[in-house]
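Quick note, the sequence shown lines up with residues 1 to 258 if you use full-length UniProt numbering.
Below is one structure, written out as C-alpha cells; the observations come after it.
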Amino acid sequence: MAYQTITVEIEDYVALIRLNRPEALNALNSQLVGELAGALSEADRNDKVRCIVLTGSEKAFAAGADIKEMAGKTYVEAYTGDLFGADFDRITATRKPVIAAVSGYALGGGCELAMACDFIICADNAKFGQPEINLGVMAGIGGTQRLTRFVGKSKAMDMHLTGRFMDAAEAERSGLVSRVVPATKLVAEALAVAKKIAEKSQIALLAAKEAVNRAYETTLREGLLSERRSFQALFATEDQKEGMAAFLEKREPQFRDR
Ligand code: CAA
C-alpha cells in the first residue's frame, strides 16, 4: 500500500512506521491519521510483523493536530465529521505491541498519539505538551484522560491549564516515558527493544497487552480476575510448555505461537 504522509519499513518482524510531513512538523491531518490507522491494521494482519515502532523526525514526533486544517471548522462539521473520532479509535485498536519513539516535539495530538501507544521511549531532546489551551480549545484525542493516568492529576492539570512543555527528564521522572536515550540513538534503541519483544510468544504478548490495558478500563477487582483467567488460559499453549521447559533446561526458548 502506498502512503503519502507516512513511511513503513518491515525488517526482522518489526514494522517501523514514520510520520512524514516534515513541512508541518508531522502535524496530524485527516490524511495522516487515516493512513496511520490503515498501516497499523495492515501490520496487525501481517504475519511478518510482531511488533511496531512509531516515530517521527528528530525535530518532531508530531506538533499536534493540524491547525491549518482545523482552524475554519464549525462545531457542526467537527461533530458530524467525528473529528479525530473513529480513525483514532482504529489506531488504539491495534492488537500487536506498539512502541512510540519520540524525538523533539510531541505536542497536543502528537503527545496524545504517543500516549495511545503501549509505551514511550524518548530522546533526550523530547518535549511533551498539551498546549491546546493557547489555541482557545482543549485536548481532544485522549490527552485529559491518558496524561492524567500517566502523571497524576496535579501535573496533568498543570500541563493542560498552562500549556507548558515537559522535557525528557521530567517525562521520565513522572512516568510518562519508560526510557530516555540519546537523540542520535533513538530509532536504533527502539528497534532493538521491538526486536526483543518480537522474539516472545505472540499469544502471551497479546494477552499481556490486553491485561495491562484493562487496568485503565475497569475496576481493580475485575482487572485482577481477568488477568488471572488470561494467565491460566496461557497454560493451554505450547509456548508456555516450551518457555518453562527452556528455563529448566537452561536454554533459549523457541516460541511457535501455538
Ligand atoms: N498544525 C499545522 N502546522 C503546524 C503545526 C500544527 N500543529 N505545528 C507546526 N506547524 C507548521 C508551522 O505552521 C510551520 O509551517 P510554515 O513554515 O508553513 O509556517 C512549520 O510547521 C514549522 O513550524 P514553526 O515555524 O512554528 O517551527 P518552530 O520551530 O518555530 O516551532 C513549535 C515549533 C513550537 C512546535 C510550533 O510549531 C508550535 O507551537 N506548533 C503548534 C503546537 C500546538 O499548538 N499543538 C496543538 C495543536 S491542537 C491539537 O493537537 C488538538 C487536539 O488535541 C486534537
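Just so it is clear, CB atoms sit at the ideal spot from N, CA and C, and this is done for glycine as well.
Just so you know, these numbers come straight off a predicted model, no measurement behind them.
- If the five residues before and after Leu135 are omitted, its C-beta is found closer than 8 Å to the C-beta atoms of Ile67, all from its own chain and listed in chain order.
- About 14 Å separates the beta carbon of Ala188 from that of Asp124, a gap too long to meet the 8 Å contact definition.
- When the alpha-carbon of Glu11 is set against those of Arg50, Glu35, Asn29 and Ala2, the nearest one is in Arg50.
- Secondary structure of Tyr13 (DSSP, three-state): coil.
- DSSP lists Tyr105 and Asp167 as the beta-bridge partner residues of Lys127.
- Counting only the Cα atoms, Ile52 lies some 7 Å from Ile17.
- Checking the DSSP bridge columns, you'll see Phe119 partnered with Ile99.
- Inclusion of Gly110 and Phe150 in the CB contact set at 8 Å is not warranted, their separation being larger than that value.
- Cβ atoms of Arg146 and Met115 come within 8 Å of each other, at about 4 Å.
- When rounded, the separation of the alpha-carbon atoms in Ala2 and Arg221 is 45 Å.
- Residue Val102 holds the alpha-carbon nearest to the alpha-carbon of Arg179 among Tyr13, Asp89, Gly243 and Val102.
- Not a single heavy atom of the ligand CAA lies less than 7 Å from the C-beta of Tyr79.
- Here Phe247 is exposed, its C-beta having fewer than 16 other C-beta atoms within 10 Å.
- For the options Lys195, Leu32, Lys241 and Gly56, the alpha carbon positioned closest to that of Val14 is the one of Lys195.
- Annotation: the continuous alpha helix (DSSP H) that includes Val212 extends over Gln202 to Glu217.
- In this structure, DSSP gives Arg50 a state outside helix and strand, which the three-state scheme calls coil.
- For Val180, the uninterrupted beta strand (DSSP E) segment begins and ends at Arg179 to Val181.
- CA-to-CA, the gap between Leu36 and Ile6 works out to about 7 Å.
- For Phe61, the enclosing beta strand (DSSP E) begins and ends at Ala60 to Ala62.
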